[in-house]
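Enquirer: Take a look at this one; I'll ask things after.
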Amino acid sequence: MSMTEKIIGFVESNADNPESTAILKYGLRIAMETAAVVIPVIILSIITGQFLEGLVSTAGFLILRYLSGGMHFKKASTCNIISIIILIISISIPVPFDNVGCIMTVVAAIILFFTTPSNTNRRRLDPKYDPLLKVIAAGIVSINFIAESSVLSLTFFIQALTTLPIFWKLLDTYQN
């Protein structure tokens, strides 16, 4: 049993209201899974002297991932490990913005405009908001033309790739 499950079990055993317990469990699970990615990335970025890059990459990835969707693993632990790897790669590989980073940002914005929201069958948001999500996701990526962040170029590009159906097929092959 994972630590998240133990904490949720504790909450359930000490709760009075089943409806609020379900909401609390859902929120707690999301918070624990997010912390399982954020904490190791921030610690590693501090150790390597790249705290700001780690913070920027993590925030950019999580916000964009929430809005755009993307491929999903069957186990949360696998998702967490892959997310940590993506973020560490994003802060570790130098990408000059003037050429490669700019191209990655353009490609990411285009991909996200056409694929957002991607693989969001578990999302509760009404599909009528899908066009707005497309514009917001592409807009967030486009902010990088002002920021000119090589870290965000790579982070956004990798996240955009996870919204492509070909990556879901690769994932299905890997998981089966």
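Per the UniProt record's numbering, the very first residue in the sequence shown carries number 1; after that it's consecutive. The beta-carbon is built from N, C-alpha and C at its ideal position, and this holds for glycine as well. Here the structure is a predicted model, which means the values were calculated and not measured.
Do you know offhand how far Thr155's Cα is from Ile136's?
Expert: 17 Å
Enquirer: Would a C-beta distance cut-off of 8 Å place Phe167 and Met104 closer than the cut-off?
Expert: No; because the gap between Cβ atoms is not below 8 Å, this pair is not in contact.
Enquirer: Roughly how many angstroms lie between the CA atoms of Asn80 and Ala36, to the nearest whole one?
Expert: 7 Å
Enquirer: Compare the Cα-Cα distances from Ile158 to each of Pro117, Ser90, Pro127 and report the closest residue.
Expert: Ser90
Enquirer: Cutting at 7 Å between CB atoms, please list the residues of its own chain near Val56, excluding the five before and the five after it.
Expert: Here Val56 has Ser149, Val151, Leu152 as same chain residues with Cβ atoms under 7 Å from its own Cβ, once five neighbours each way along the sequence are excluded.
Enquirer: Assuming Pro76 and Phe113 form a contact by the criterion Cβ under 8 Å, report the distance between their Cβ atoms to the nearest whole angstrom.
Expert: The question names Pro, but residue 76 is Ala in the sequence shown. With a Cβ gap of about 29 Å, Ala76 and Phe113 do not count as contacting.
Enquirer: Return the chain-ordered list of same chain residues with a C-beta closer than 6 Å to the C-beta of Phe73, the five sequence neighbours on each side being excluded.
Expert: Cys79
Enquirer: Excluding the 5 residues preceding and the 5 following Pro40 in the sequence, name in chain order all residues of the same chain whose CB lies nearer than 8 Å to its CB.
Expert: Ile84
Enquirer: Of the choices Phe97, Pro127, Ile63, whose alpha-carbon is the least far from that of Asn144?
Expert: Phe97
Enquirer: Residue range of the alpha helix (DSSP H) that Asp16 falls in?
Expert: That residue, Asp16, is in no alpha helix (DSSP H); it is neither H nor E in DSSP.
Enquirer: Just reading off the alpha helix (DSSP H) that Arg65 is part of, what are its end residues?
Expert: Where Arg65 is concerned, the enclosing alpha helix (DSSP H) stretches over 51-68.
Enquirer: Drop a sphere of 10 angstroms on the beta-carbon of Gly54, count the other beta-carbons inside from all chains shown, and report buried for 16 or more, exposed for fewer.
Expert: It counts as buried.
Enquirer: According to the Cβ coordinates, are Leu52 and Ile88 closer than 8 Å?
Expert: no
Enquirer: Please classify Ser149: does DSSP put it in a helix, a strand, or coil?
Expert: coil
Enquirer: Do you know how far the Cα of Gly69 is from the Cα of Ile86?
Expert: 15 Å
Enquirer: Who are the near neighbours of Leu67 in its chain, counting only those whose CB is closer than 8 Å to its CB and skipping five residues on each side?
Expert: Thr116, Pro117, Leu133, Ile136, Ala137, Ile140
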